[in-house]
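Reading through the structure tokens given below for one structure.
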Amino acid sequence: MKQNTIVLLIALFSLGLSAQQFTHQDTLRGSITPERAWWDLNYYHLDIEVRPDQKFISGSNLIRYKVLDAQKVLQIDLQPPLKISKVIQDGKTLEVKSVGNAHFITLKKKQIKGEYNEIVVYYSGHPKEAENAPWDGGFSWDTDNNGKHFVATSCQGLGASAWWPNKDHMYDEVDSMAISVKVPKGLIDVSNGRLRKVDKETNTFHWFVANPINNYGVNVNIGDYVHFGEKYQGEKGILDMDYYVLRDNLNKAKEQFKQAPMTLKAFEYWFGPYPFYEDSYKLVEVPYLGMEHQSSVTYGNHYQNGYLGRDLSASGWGLQFDYILIHESGHEWFANNITYKDIADMWIHESFTCYSENLYLDYHFGTNAAEEYVIGLRRNIRNNIPIIGPYGVNQEGSGDMYYKGANMLHTIRQLVNDDEKWRKVLRGLNRDFYHQTVTSTQIENYLIDQTGIELSPIFDEYLRTTMIPSLEYTITDSTLKFRYTNVVDGFKMPIRIYIDGQEHWLTPNPEWQTKTFKGNLSTFKVDRNFYVEVSKKRP
Ligand SMILES: [Zn+2]
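Numbering follows numbering that gives the first Met the number 0, in which position 267 of the sequence shown is assigned residue number 266; successive positions increment by one, without gaps.
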């Protein structure tokens, strides 16, 4: 009884803490509210006009959904200063009650379980301007060197509701989507999927996405683009690869984008077929660094290798490839094919994709290059807060999801100790979670099942704490003593060591263990591929 009271007090206390940190708006945005849960997205037709001169957009989004449970009130998200002018279902105007970014629409039509219904949301306004795209996104209103409008959207985290009305939660995706964008004459819009037609009279571009797509993957890119392309013979047949770049950059792009088919080659090998053959693969130049927009990867790395010319790993290998081209393309598998349900689990996108950079190197430059690169990335790890963030409030965890997450996966590859098997696991992920939204737990359990390794404490350690396992050891004559510190309960990750260049495995845990070797222990070395700290103690 007493213990229960304490537990209750602790629960109330932590509830109080989280209530201080997060607002009702965060919950409306980040959780599956009752007004979201009863209907399942099927289709969007986003139909807008973009007027760069006025930094103004207007239009509508048709939302088709399947009724899962007959309810009357439906939540749609759209962020001010954009305004909903009306919402229509079957010709009838509906009542809208707005609470900040969330708009609660009361339906008149009787909703019947299993049926498909549509609403059309009309809206307009001056959308949020991107301050530091893509991180602080919105609309980037720019001009090219010839003074022509150069406009793009980016909205991961911020939410697609910053520029169009939708169900702005990642758990639910439409099965397909049409995007129609009217732009000033002389400019082209490139969005996602395939260009079905161009209405020449109004200069409206009609795009169609044949696959499920997450909200932040949807994008509008407007510019004086020129197009070139190629056909790629991939695992699933011919893949159309199309490139849209500013007129002045055509020659540079033709050279730099030779890395695009190389990327497809490496990633299809490691991850399986490119997940959106029906929608083609595109690279689209934008006025910001880049983003993984689905089948419409946006690129702003100025046609140079590295990350804006820099090697994030300081190993030299980071200058052997175009970081944005490779990284954002890697997201087609981890972000667009396999998508987090809650942004708290964003490591599913960024850890695997950061890790994919090293697999690209592995494929084209060899395993040593790949190792040096991913190990070099450790210099960027901060261990400030855990990689997994709080759930239900649209809040991501630490930026360590990139470099630390990649090194966790690289460490797991060592534990699997069979590259062919590891490759099968990575391909299996993309096959078994094909076009799905998932939780971290699902991905963790899959890796545990498929590798047959007890990875649970390893995930807890690297994803849910800021600790790095420390391997402490002492050497006395031919005896090695070793243990782990800074680890979660149950952590006993095997680790590869070398004595006289000979490979041995230890299975340390927090208790001191003793092992006697025949070789010269002064040559003792821990395999650098394991992301652990190593510390020699006095015996
Ligand atoms: Zn990324």
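Even glycine gets a Cβ: it sits at the ideal position worked out from N, Cα and C.
Small disclaimer: the values here were computed from a predicted structure and weren't measured.
Where residue i falls, given that 16 or more other Cβ within 10 Å makes a residue buried
{"i": "histidine 326", "result": "buried"}
{"i": "asparagine 131", "result": "exposed"}
{"i": "serine 534", "result": "exposed"}
{"i": "glycine 489", "result": "exposed"}
{"i": "proline 538", "result": "exposed"}
{"i": "asparagine 519", "result": "exposed"}
{"i": "glutamate 412", "result": "Here residue 412 turns out to be arginine, not glutamate, going by the sequence shown. Its Cβ being crowded by 16 or more others within 10 Å, arginine 412 is buried."}
{"i": "arginine 378", "result": "exposed"}
{"i": "leucine 307", "result": "exposed"}
{"i": "aspartate 459", "result": "buried"}
{"i": "glycine 136", "result": "buried"}
{"i": "histidine 409", "result": "buried"}
{"i": "threonine 338", "result": "buried"}
{"i": "valine 98", "result": "exposed"}
{"i": "aspartate 399", "result": "buried"}
{"i": "isoleucine 221", "result": "buried"}
{"i": "alanine 252", "result": "buried"}
{"i": "aspartate 431", "result": "exposed"}
{"i": "leucine 8", "result": "For leucine 8, the pLDDT reaches just 39, beneath the cut-off of 50, and the residue's location in the model is therefore unreliable, leaving the point undetermined."}
{"i": "histidine 168", "result": "buried"}
{"i": "isoleucine 237", "result": "exposed"}
{"i": "alanine 69", "result": "exposed"}
{"i": "asparagine 210", "result": "buried"}
{"i": "phenylalanine 12", "result": "Low confidence applies here, because phenylalanine 12 scores a pLDDT of 41, under 50, leaving its location unreliable and the question unanswered by this model."}
{"i": "threonine 522", "result": "exposed"}
{"i": "glutamate 419", "result": "exposed"}
{"i": "threonine 366", "result": "exposed"}
{"i": "threonine 152", "result": "buried"}
{"i": "glutamate 254", "result": "exposed"}
Residues near residue i by beta carbon distance below 8 Å, same chain, minus five either side
{"i": "tryptophan 91", "result": "Correcting the residue identity first, residue 91 is lysine in this sequence and not tryptophan. Closer than 8 Å at Cβ, skipping near neighbours: Lys107 and Lys108."}
{"i": "serine 123", "result": "Phe55, Ile56, Ser57, Gly58, Leu81, Lys82 and Ser84"}
{"i": "lysine 536", "result": "Glu471, Tyr472 and Thr473"}
{"i": "isoleucine 47", "result": "Ile56, Ser57, Gly58, Ser59, Trp163, Ser179, Val180, Lys181 and Val219"}
{"i": "glutamine 74", "result": "Leu27, Thr32, Glu34, Arg35, Ala101, His102, Phe103, Ile104 and Lys166"}
{"i": "arginine 422", "result": "Tyr268 and Trp269"}
{"i": "glutamine 441", "result": "Phe432"}
{"i": "lysine 517", "result": "Ser477"}
{"i": "tryptophan 504", "result": "Pro493, Ile494, Arg495 and Ile496"}
{"i": "glycine 622", "result": "Outside the modelled stretch of the chain, which goes from 0 to 538, sits residue 622, for which no answer is possible."}
Nonlocal neighbours in the same chain, by C-beta distance under 6 Å from residue i, ignoring five residues either side
{"i": "valine 72", "result": "Glu34, Phe103 and Thr105"}
{"i": "leucine 324", "result": "Gln258"}
{"i": "glycine 388", "result": "Ala343, Gln394, Glu395 and Gly396"}
{"i": "glutamine 78", "result": "Asn100, Ser160 and Ala161"}
{"i": "glutamate 284", "result": "Val244, Leu245 and Tyr298"}
{"i": "glycine 29", "result": "Gly391, Val392 and Asn393"}
{"i": "histidine 44", "result": "Leu61 and Ala177"}
{"i": "glycine 158", "result": "Asp167"}
{"i": "tyrosine 276", "result": "Lys235 and Leu238"}
{"i": "leucine 249", "result": "Val225"}
Residues near residue i by beta carbon distance below 7 Å, same chain, minus five either side
{"i": "methionine 261", "result": "His363"}
{"i": "tryptophan 511", "result": "Lys480 and Arg482"}
{"i": "aspartate 241", "result": "His226, Gly228, Ser279 and Lys281"}
{"i": "glycine 305", "result": "Gly317, Leu318 and Tyr322"}
{"i": "threonine 142", "result": "His148 and Phe149"}
{"i": "aspartate 39", "result": "Tyr64, Lys65, Leu67 and Asp171"}
{"i": "threonine 352", "result": "His326, Gly329, His330, Phe333 and Ala334"}
{"i": "asparagine 382", "result": "Asp399, Thr465 and Ile467"}
{"i": "glutamine 553", "result": "Examination of residue 553 is not possible in this model, given that the chain is present from 0 through 538 alone."}
Beta-ladder partner(s) of residue i, from DSSP
{"i": "leucine 194", "result": "Trp206"}
{"i": "valine 95", "result": "Ile104"}
{"i": "phenylalanine 149", "result": "Asp141"}
{"i": "aspartate 135", "result": "Asn131"}
{"i": "leucine 61", "result": "His44 and Val119"}
{"i": "phenylalanine 516", "result": "According to DSSP, phenylalanine 516 bridges with nothing at all."}
{"i": "valine 283", "result": "Tyr243 and Thr297"}
{"i": "valine 437", "result": "Tyr339"}
{"i": "phenylalanine 523", "result": "DSSP lists no partner for phenylalanine 523."}
{"i": "glutamate 331", "result": "Beta-bridge pairing links glutamate 331 to no other residue."}
Whole-number beta carbon distance between residue j and residue i, since they are thought to touch under 8 Å
{"i": "valine 437", "j": "isoleucine 347", "result": "7 Å"}
{"i": "lysine 491", "j": "threonine 513", "result": "Actually they do not touch by this definition, with Cβ atoms about 16 Å apart."}
{"i": "leucine 358", "j": "alanine 369", "result": "7 Å"}
{"i": "threonine 484", "j": "proline 385", "result": "That pair is no contact at about 19 Å."}
{"i": "serine 312", "j": "glycine 192", "result": "Contact flag wrong, Cβ pair sits at about 34 Å."}
{"i": "tyrosine 42", "j": "valine 217", "result": "Not confirmed; about 13 Å, so no contact."}
{"i": "glycine 233", "j": "tyrosine 273", "result": "6 Å"}
Minimum Cβ-Cβ distance from residue i to chain D less than 9 Å
{"i": "alanine 368", "result": "The structure shown has no chain D; it contains just one protein chain."}
beta-carbon residue i near ligand 3 non-hydrogen atom, thresh 8 Å
{"i": "glutamate 291", "result": "The ligand content of the structure shown is limited to ligand 1, which means ligand 3 is not among them."}
inquiry  = Would you call the stretch 170-184 in contact with the stretch 205-215, where contact means no fewer than 3 C-beta pairs closer than 8 Å?
reply    = Touching, per the Cβ criterion.
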